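Numbering (this note's numbering), first residue to last: 2 to 242. Glycine included, every Cβ here is placed at the ideal spot set by N, Cα and C. Because the structure is a prediction, the values reported are computed rather than measured. The next block holds one structure in the form of structure tokens; read it before the comments.
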Amino acid sequence: AGVLGGRGPEAGRDGREEAGGVRVSTAAGGEGRHRGMAGARAYDRIIATCAVPSVPSAWIGQVAEGGKVLVDVKVNTGAGNLVLLTRHEDRLEGRFTKRWAAFMGMRHDVQTVKTVESPKAAGERQRTTTAPRRPWDDHREVWFLAGLGLPKEIRYGYVLDPATREPTASMLRAPDGSWCEVGDGGVREAGPTPLWAEVERAYRTWRDWGEPGWERLGLTVTPDGQWWWLDEPSRVVGSDR
């Protein structure tokens, strides 16, 4: 079995041990994200105990044909789920697990994305919406689909009443300064990117598809890239190629 961890590059870089006759190899941090178990033989099983934005193609060759990879894929902030992949001759492929779960994100060497502050009054627009206000919490499949189109490193949260500290609206913030707040009065937004429009598009798409659960969504990983699909690999809903 192989275990990919997210504890940092100093932890488990060459950690190997024998446990009950099963060889366990650990690779952590950015090293594991890009190269997996570098120099290791092919494993029957790999479990990634950290979330990654995509599955490196290097992992294909580190799993024996017919072997399994369990990994938490988050295409954007909180947008994704565990996916169980099977190694085929030239690819990894499989479906997301029916129940949602998550690991902490893998630590890797990237520069922190700077968020441009956009004055709330500048170019503010208001309108109504029918999309769920907290898709990252109560419509996670919708949030996954939205995450494919939203700016990377999107931030979500809540606007609190200053007196009661109770949430009065949901909010999104993007690195380019775009923002939106969704409450009883509808949507308030500003900035160059219409963030809530992407959530609404994802919600409409999900409804049109018959409100599929996670088990109908899948992932294919090849040396040339990867794509997410509905029901079967040929029905592509997003790609990273």
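Around the beta carbon of residue 127, fewer than 16 other beta carbons lie within 10 angstroms, which makes this residue exposed. If you ignore the 5 residues before and after residue 214, its C-beta comes within less than 8 Å of the C-beta of 99, 142, all in its own chain and listed in chain order. When the five nearest sequence neighbours on each side are left out, the beta carbons in the same chain lying within less than 6 Å of the beta carbon of residue 66 are those of 88, in order along the chain.
Bounds of any alpha helix (DSSP H) do not take in residue 189; it lies within the beta strand (DSSP E) bounded by 187 to 191. Between the alpha carbons of residue 238 and residue 219 lies a gap of roughly 10 Å.
A straight-line Cα-Cα distance of about 14 Å links residue 192 and residue 151.
CA-to-CA, the gap between residue 82 and residue 136 works out to about 14 Å. For residue 168, no alpha helix (DSSP H) encloses it; the enclosing beta strand (DSSP E) starts and ends at 168 to 174. Secondary structure note for residue 80: its beta strand (DSSP E) is the uninterrupted segment 80 to 88. Here the alpha carbons of residue 129 and residue 187 stand approximately 4 Å from one another. Taking a 10 Å sphere around the C-beta of residue 171, we find 16 or more other C-beta atoms and assign the residue as buried. 75 is the residue among 64, 75, 60, 58 whose C-alpha sits nearest the C-alpha of residue 51. As DSSP reads the structure, residue 158 sits in a beta bridge with 172. Taking the CA atoms as reference points, residue 106 sits about 10 Å from residue 49. The alpha-carbon of residue 69 is positioned some 13 Å away from that of residue 222.
Proximity to residue 229 across 179, 78, 54 peaks at 54, based on C-alpha coordinates.
In this structure, the straight-line span from the alpha carbon of residue 148 to that of residue 78 is close to 7 Å. By the neighbour-count criterion, in which 16 or more other beta carbons inside 10 Å mark a residue as buried, residue 91 falls on the exposed side. Between the alpha carbons of residue 204 and residue 163 lies a distance of about 31 Å. For residue 95, the number of other beta carbons within 10 angstroms of its own is at least 16, and it is reported as buried. A buried status is given to residue 73, since no fewer than 16 other beta-carbon atoms sit within 10 Å of its beta-carbon.
The alpha carbon of residue 132 has as its nearest neighbour, out of 146, 176, 201, 183, the alpha carbon of 201. According to the DSSP assignment, residue 145 belongs to no beta strand (DSSP E) but to the alpha helix (DSSP H) extending over 141 to 150.
Shortest Cα-Cα distance from residue 42 to any of 61, 240, 189 involves 61.
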